[in-house]
Structures are given as C-alpha cells and as structure tokens.
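Enquirer:
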Amino acid sequence: MRGIVHEVKGDLAMVKIQRKEACGECRACFSGMMKTEMDIEAKNLCDAEEGDWVELELQENAFFNAVIVMYGLPFIGFIVGIVLGYFGVPKLIPNISPVLPSLVLGVLGIVLAMLWIHSQNHRWESGKYRPLATKIVEEDEPEMCGA
Numbered sequence: 045m046r047g048i049v050h051e052v053k054g055d056l057a058m059v060k061i062q063r064k065e066a067c068g069e070c071r072a073c074f075s076g077m078m079k080t081e082m083d084i085e086a087k088n089l090c091d092a093e094e095g096d097w098v099e100l101e102l103q104e105n106a107f108f109n110a111v112i113v114m115y116g117l118p119f120i121g122f123i124v125g126i127v128l129g130y131f132g133v134p135k136l137i138p139n140i141s142p143v144l145p146s147l148v149l150g151v152l153g154i155v156l157a158m159l160w161i162h163s164q165n166h167r168w169e170s171g172k173y174r175p176l177a178t179k180i181v182e183e184d185e186p187e188m189c190g191a
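In structure tokens:
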C-alpha cells in the first residue's frame, strides 16, 4: 500500500492513503458513499519528507494479532454469552425460554469484549501495530501484488 506524506513529526510520518475496497461503488448499500481517504501515522524508516510518496508495510504477525483481537475476542464473547444464556439461565430460572436470555447475554459478551479492547488502548498505541514507511516511491510506479 502507498500514500503521500503530508506531515512529518520526528520519526513519524502522517500519510494520506486511498482505501481499496472490493466495492463497485454502486451506492446500493451506502458503503460506496463513504470517505475512502484515510490519514495514518507511520514510522518513517525511509526519511520521507512532506510531499513524498511512500510504500507502507505492516509487520505480518502484528496484522494477524490485530485481526484476532478486533474480530476474535468479540466473537468469543458472543459465543460464550449465547452458551451461558441458553444453558445457564434456564437452570437458574425454570420455565423460561432460553432464546431471549441467550441473545441478550451474547450481545453483552460483545460489548464487554469491546470495552476490554478499548481499555487496553495503551497497548495498541505502543507502536507495535504501527505501519512502517519503508521506501520512497514515484506516484505512478506500479504496486507489486504481495510485496
């Protein structure tokens, strides 16, 4: 992925990137109407200056860890909540349908997981998950797939 540096702060570069989506932008679901530009903070390993185009990389293990945290933990919270609601609540309150309590506890599991993730924000901001600006490139230079 590449973007243009619009500000440099010490060893960090603020880079404007264009998000690439698998969307035809037909606007049927409104996602085609969303802003596709993003500003991200990247570690400036290539000494880029304002106006330079840079190649951005994210360490592979950091990417997978971030995906697991952001998607896996809420999913686990949801499943645990559903199981507790479906099997636990009827034992505590006999003659109750387990459907509604399992839904409520499933949603509560997602909310609790997201609150925990948010409470660990200091961990995510440590720089371990920050993209790296690895080299200066030309604007019209083709991107290599998988590189």
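For the sequence shown, my numbering begins at 45 and goes up steadily by one. Idealized CB from N, CA, C, for every residue including glycine. Predicted model, so just to flag it, every value in this text is computed and none were measured.
Taking contact to mean 3 or more Cβ pairs, one atom from each stretch, closer than 8 angstroms, check whether the stretch 127 to 134 and the stretch 162 to 176 are in contact.
Expert: Counting Cβ pairs under 8 angstroms, fewer than three are found: no touch.
Enquirer: Are Gly-125 and Gly-153 close, meaning C-beta to C-beta below 7 angstroms?
Expert: Position 81 of the sequence shown holds residue 125. Position 109 of the sequence shown holds residue 153. Closer than 7 angstroms, so yes.
Enquirer: Mind checking whether Lys-199 and Glu-81 have CB atoms under 7 angstroms apart?
Expert: This structure leaves residue 199 out entirely; the chain is present only between 45 and 191.
Enquirer: May I ask which residues mark the beginning and end of the beta strand (DSSP E) holding Val-113?
Expert: Residue 113 sits at position 69 when you count from the first residue of the sequence shown. First-last for Val-113: undefined, no H or E at that position.
Enquirer: Pull up the DSSP beta-bridge partners for Glu-51, would you.
Expert: Within the sequence shown, residue 51 is the residue found at index 7, counting from 1. Glu-51 is bridged to Met-58.
Enquirer: To test your reading of the DSSP string, which unbroken alpha helix (DSSP H) runs of 4 or more residues are found completely within the stretch 128 to 182?
Expert: Counting whole runs of 4 or more residues, the stretch 128 to 182 contains the alpha helix (DSSP H) stretches 133 to 136, 143 to 163 and 165 to 168.
Enquirer: Please say whether Val-111 and Val-49 have beta carbons closer to each other than 7 angstroms?
Expert: Along the sequence shown, one-based indexing puts residue 49 at 5. Along the sequence shown, one-based indexing puts residue 111 at 67. No, Cβ-Cβ distance for Val-49 and Val-111 is not below 7 angstroms.
Enquirer: Alpha carbon to alpha carbon, how far is Ile-137 from Val-155?
Expert: Within the sequence shown, residue 137 is the residue found at index 93, counting from 1. Within the sequence shown, residue 155 is the residue found at index 111, counting from 1. Roughly 24 angstroms separates the two Cα atoms.
Enquirer: Apply the 10 Å Cβ neighbour rule to Ser-146 and answer buried if 16 or more other Cβ atoms are within range, or exposed otherwise.
Expert: Residue numbering aside, residue 146 sits at position 102 when the sequence shown is read from its first letter. Buried, since its Cβ has 16 or more Cβ neighbours within 10 Å.
Enquirer: Look up Glu-85 in the DSSP assignment and give the residues it is bridged to.
Expert: Taking the sequence shown and counting its residues from 1, the one referred to as residue 85 is at position 41. DSSP lists Met-58 as partners of Glu-85.
Enquirer: Rounded to a whole number of angstroms, what is the C-alpha to C-alpha distance between Asn-165 and Phe-122?
Expert: For the purposes of this step, residue 165 is identified with residue 121 of the sequence shown, where counting begins at 1. For the purposes of this step, residue 122 is identified with residue 78 of the sequence shown, where counting begins at 1. C-alpha separation (whole angstroms): 21 angstroms.
Enquirer: Note down, in chain order, each residue of its chain lying with its Cβ closer than 7 angstroms to the Cβ of Val-113, except the 5 sequence neighbours on either side.
Expert: Taking the sequence shown and counting its residues from 1, one reaches residue 113 at position 69. Ile-161, listed in sequence order.
Enquirer: Between the alpha carbons of Met-45 and Glu-104, how many angstroms are there, rounded?
Expert: Your numbering for residue 45 matches position 1 in the sequence shown. Your numbering for residue 104 matches position 60 in the sequence shown. If I take the Cα positions, the gap works out to 14 angstroms.
Enquirer: From the DSSP output, which residues share a beta bridge with Leu-100?
Expert: Within the sequence shown, numbered from 1, the residue matching residue 100 stands at position 56. According to DSSP, which records beta bridges pairwise, Leu-100 is partnered with Ala-177.
Enquirer: Cα separation between Val-127 and Ile-140?
Expert: Position 83 of the sequence shown holds residue 127. Position 96 of the sequence shown holds residue 140. Val-127 and Ile-140: Cα-Cα distance of roughly 15 angstroms.
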